[in-house]
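Visitor: I'd like to ask some things about the structure below.
There are 2 protein chains.
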Amino acid sequence: MLGVQRKDHLLDLLAREGRVVAKEVAAALGVSEDSIRRDLRELADSGLCIRVYGGAVPVPAADAPEVSRRGIATDSKERVARAAIGLVRPGSTIVLDAGTTTLAMARMLPHGADLTVITPSPAVALAALEGSQARVFLVGGELSRHSAVAGGGLALEAIAHLAADVFFLGVTGIDPGQGLTTGELDDAVTKRALAARSAETIVLASAEKVGAVSRFPVLDLAAVHGVVFDPEDASPLVGSEWGRSLRLA
Amino acid sequence: MLGVQRKDHLLDLLAREGRVVAKEVAAALGVSEDSIRRDLRELADSGLCIRVYGGAVPVPAADAPEVSRRGIATDSKERVARAAIGLVRPGSTIVLDAGTTTLAMARMLPHGADLTVITPSPAVALAALEGSQARVFLVGGELSRHSAVAGGGLALEAIAHLAADVFFLGVTGIDPGQGLTTGELDDAVTKRALAARSAETIVLASAEKVGAVSRFPVLDLAAVHGVVFDPEDASPLVGSEWGRSLRLA
DNA sequence: GTTAACTGTGCAAGATCGTGCAACAACAGG
DNA sequence: CCTGTTGTTGCACGATCTTGCACAGTTAAC
């Protein structure tokens with residue numbers, strides 16, 4: 011029995027029965043449990059299954075990479091994107107962050123506005139190229155598996171040589187106390203670098219972000235020049251003095 | 011027993027049983043395991059099988075949904091992509107050019123092969139990220155409006171700092187006299203830079219490219235290490251001495 | 001808290017791999 | 001017919017990989 015056949019069999023079992031018990035498979039295939047455990051470990055390392063005590067289970071759909079969530083935009087994100095589009099000045103150079111809100115923005119870019127778009131997100135880049143006449147610059151780097159955005163040293167090097175008028179920043183948390191936060195460390199670094207090379211930074215604040223806090227800090231609220239809230243967001247934070255001051259900042 | 015007969019038999023076994031064990035076949039055919047191993051190695055180098063410890067397995071078919079969507083009769087680009095996938099060695103770093111053939115390759119990348127993928131195409135990058143476990147590096151730069159591929163100074167600078175094992179090159183023309191050609195000047199420059207940073211360059215030659223000539227030269231045929239033709243391409247060029255020598259180059 | 005099952009690691013035996021080498025056959029040119 | 005060349009084949013050998021076992025640490029269950 012070839013090693014690859016064993017792994018195929020394991021993946022097959024995983025798909026058909028939703029679980030694999032190391033002991034059972036070892037007995038069924040006539041190999042030692044050690045080999046099965048080794049196989050499961052390797053499959054888990056490749057992200058093809060999840061190791062659990064006694065065997066393994068398939069990768070849950072919820073953990074699927076963000077790429078598959080592409081295209082789903084809540085109404086709130088659409089409204090924020092539309093509002094942000096109003097801030098795009100003809101002839102300017104803008105940076106569009108990765109994320110569903112900026113992806114929505116990329117699809118709404120005005121025609122004939124002589125825009126230059128810079129983005130670290132391949133999805134946003136393609137949307138901007140297809141949906142507008144803008145020149146599109148793609149920031150290179152290693153793509154994060156979770157949010158499909160370029161980051162790392164290569165990206166920082168490229169960003170250091172760029173300059174833009176407005177940076178439309180997407181984050182996962184916007185909180186009066188904790189400031190702007192995101193779920194990936196590398197992503198936070200890239201966002202800061204983009205902000206540093208832009209004359210203005212504007213945060214896109216769809217409803218579910220307001221009041222939320224993620225793991226890694228990106229910027230202080232004082233460092234941004236504006237926040238675009240969802241005009242229909244009824245959150246008390248948006249209506250508060252905090253929200254108002256940010257909106258006008 | 012002639013060498014070609016042995017290889018035919020191996021391919022037959024591969025197709026019928028889904029695997030080949032070197033030891034078994036050697037005993038069955040009455041030749042040494044070395045010869046079988048040599049055959050399998052050559053078949054693997056041609057992309058006709060995948061070498062594994064103990065024997066070999068067939069090249070994995072394209073993803074099931076893909077097949078069902080497009081029917082059994084995949085087009086020339088799909089067949090070339092499939093054949094090229096067989097040349098991707100586990101653990102290696104590959105460059106995937108922009109184009110529909112390389113896009114098909116990105117969708118077929120083997121799981122759990124510990125690959126690193128470098129590409130100047132956002133569409134290829136997203137496909138690779140979505141369909142495999144590979145690390146994906148995106149080459150930045152200005153996106154050409156025609157083929158959505160990064161190019162220009164930024165791209166060249168980024169490419170200069172990369173290195174890869176194999177570059178899967180897509181062009182629009184492959185001609186014995188004119189060599190490899192493409193329709194955009196900037197694109198040709200990018201392709202050359204990628205080839206210069208890769209240990210090997212392999213050209214993807216779907217049927218409609220063979221014998222065609224485009225405006226801008228990319229490389230001489232002598233500069234590439236292999237050409238993947240469509241196995242079902244009946245063009246006289248492919249069967250000619252020219253096609254054969256390239257195929258084996 | 002105790003017990004049994006499970007896990008990762010180190011290790012040694014065996015299988016397999018790639019390479020270099022020599023023997024041999026097939027072939028072209030003189 | 002002879003000879004040099006080329007290509008194939010089997011063998012030897014060191015390197016690498018896989019596998020099962022032992023053992024100690026960890027986890028789940030009772």
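Chains as they are written, first to last, in this note's numbering: chain B, 11 to 259; chain D, 11 to 259.
Built from N, CA and C at the ideal position, the CB exists for glycine as well.
Just so we're clear, the structure is a prediction, and the values are computed from it rather than from any experiment.
Does any C-beta atom of chain D lie closer than 8 Å to the C-beta of Ala54/B?
Guide: Answer no: the Cβ-Cβ gap between Ala54/B and chain D never drops below 8 Å.
Visitor: I'd like to know if the segment 224 to 243 of chain D and the segment 178 to 185 of chain D are in contact, where contact means that at least 3 CB-CB pairs between them fall below 8 Å.
Guide: Contact holds: three or more Cβ-Cβ distances are below 8 Å.
Visitor: Starting from Ser208/B and walking both ways along the beta strand (DSSP E), at which residues does that stretch end?
Guide: Ser208/B -> beta strand (DSSP E) spans Ser208 to Ala215.
Visitor: Would you say Val41/B lies against chain D (beta-carbon separation less than 8 Å)?
Guide: By this cut-off, Val41/B is not an interface position.
Visitor: When we look at the beta-carbon of Asp73/B and count the other beta-carbons within 10 Å, is it buried (16 or more) or exposed?
Guide: Only weak support exists for where Asp73/B lies, its pLDDT of 48 falling under 50; the coordinates are left without a value.
Visitor: Compute the beta-carbon to beta-carbon distance between Leu231/B and Phe178/B, rounded to the nearest angstrom, for a pair I have assumed lies under 8 Å.
Guide: Contact doesn't hold; Cβ gap of about 16 Å is too wide.
Visitor: Which residues in chain D sit within 9 Å of Arg145/B, going by Cβ to Cβ distance?
Guide: Here the neighbours are Glu152, Leu153 and Arg155.
Visitor: Measuring only between beta-carbons, confirm whether Leu24/B sits less than 8 Å from chain D.
Guide: False, the Cβ-Cβ gap to chain D never drops below 8 Å.
Visitor: Which residues, in chain order, does the segment 126 to 145 of chain B contribute to contact with chain D at a C-beta distance below 7 Å?
Guide: Listed in sequence order: Pro132, Ala133, Ala135, Leu136, Leu139 and Arg145.
Visitor: Under 8 Å, with one C-beta from each stretch per pair, do the segment 54 to 61 of chain D and the segment 197 to 209 of chain D reach the 3-pair mark?
Guide: No: the two stretches stay apart, fewer than three of their Cβ pairs being nearer than 8 Å.
Visitor: Give the DSSP-derived three-state secondary structure of Asp240/B in the structure shown.
Guide: Coil, per DSSP.
Visitor: At which residues does the alpha helix (DSSP H) containing Thr110/B begin and terminate?
Guide: Thr110 to Met118 is the span of the alpha helix (DSSP H), which, as asked, contains Thr110/B.
Visitor: So for Asp228/B, helix, strand or coil by DSSP?
Guide: The question names Asp, but residue 228/B is Val in the sequence shown. In the structure shown, Val228/B sits in a strand (DSSP, three-state: E or B).
Visitor: Short check: CB of Pro130/D to CB of Ala160/D, under 8 Å?
Guide: Going by C-beta atoms, Pro130/D is nearer than 8 Å to Ala160/D.
Visitor: Ignore the nearest five residues each way along the sequence and tell me which others in Glu88/B's own chain have a CB closer than 7 Å to its CB.
Guide: Contacts found: Ala114.
Visitor: Strictly below 8 Å CB to CB, what residues from chain B border His121/D?
Guide: Within 8 Å Cβ-Cβ: Ser56 and Leu58.
Visitor: Looking only at its own chain, which residues have a Cβ that is under 8 Å from the Cβ of Thr112/B, when we skip the five neighbours before and after it?
Guide: So the list reads Ala91, Leu106, Thr129, Ser131, Val134, Phe178, Gly180 and Leu214, once near-sequence residues are dropped.
Visitor: May I ask you to report which of helix, strand or coil DSSP gives Ala74/B?
Guide: Interpretation of Ala74/B is limited by its pLDDT of 48, a score under 50 that renders its predicted location unreliable; no figure is taken from the coordinates.
Visitor: Sorted by chain position, which residues of the same chain lie with C-beta nearer than 7 Å to Ser154/D's C-beta, five sequence neighbours on each side aside?
Guide: The answer, listed in chain order, is Gly161, Glu194, Asp196 and Asp197.
Visitor: Going by DSSP, name the residue or residues bridged to Thr200/B.
Guide: Its beta-bridge partners do not exist; DSSP assigns none.
Visitor: So, for Lys33/B: in the same chain, excluding its five sequence neighbours on each side, which residues have a beta-carbon less than 7 Å away from its beta-carbon?
Guide: Cβ within range, chain order: Glu43.
Visitor: Can you tell me whether Met11/D is buried or exposed? The criterion is at least 16 other CB atoms within 10 Å of its CB, across all chains shown.
Guide: When all chains shown are included, Met11/D counts as exposed.
Visitor: Less than 8 Å between the beta carbons of Leu21/D and Leu50/D, yes or no?
Guide: No; because the gap between Cβ atoms is not below 8 Å, this pair is not in contact.
Visitor: Counting only the same chain and skipping the five closest in sequence on each side, list residues whose C-beta sits under 8 Å from that of Glu167/D.
Guide: Once the five neighbours on either side are set aside, Glu167/D has no close Cβ partner at all.
Visitor: Between Gly193/B and chain D, is any beta-carbon pair separated by less than 8 Å?
Guide: Not closer than 8 Å to any Cβ of chain D, the Cβ of Gly193/B fails to qualify, so no.
Visitor: Measure from the C-beta of Val62/D to each C-beta in chain B and report whether the shortest distance is under 8 Å.
Guide: By this cut-off, Val62/D is an interface position.
Visitor: Name, please, each residue of chain D whose Cβ falls closer than 8 Å to the Cβ of Gly13/B.
Guide: Simply Val62, Tyr63 and Gly64.
Visitor: Could you tell me if Val234/D is buried or exposed, where buried requires 16 or more neighbouring beta carbons within 10 angstroms of its beta carbon?
Guide: Val234/D comes out buried.
Visitor: Starting from the Cα of Thr192/B, find the closest Cα among Leu229/B, Val176/B and Thr211/B and give me that residue.
Guide: Closest by alpha carbon: Leu229/B.
Visitor: Rounded to whole angstroms, what is the Cα-Cα separation between Gly40/D and Ala66/D?
Guide: Their Cα atoms are separated by approximately 19 Å.
Visitor: Which residue wins for smallest C-alpha separation from Ser102/B, given the options Leu190/B, Val146/B and Ala108/B?
Guide: Out of Leu190/B, Val146/B and Ala108/B, Val146/B has the C-alpha closest to the C-alpha of Ser102/B.
Visitor: Would Val149/D count as contacting chain B if we go by Cβ distances under 8 Å?
Guide: Yes, Val149/D counts as interfacial toward chain B.
Visitor: Consult DSSP for Ala138/B and reduce its assignment to one of helix, strand or coil.
Guide: The answer is helix: DSSP assigns Ala138/B an H, G or I state.
Visitor: From which residue to which residue does the beta strand (DSSP E) around Leu21/B run?
Guide: Segment Gly13 to Glu27 is the alpha helix (DSSP H) holding Leu21/B; no beta strand (DSSP E) there.
Visitor: I need the DSSP call for Gly57/D, collapsed to helix, strand or coil.
Guide: Residue state, collapsed to three classes: coil.
Visitor: Would DSSP call Leu166/B helix, strand or coil?
Guide: Helix, per DSSP.
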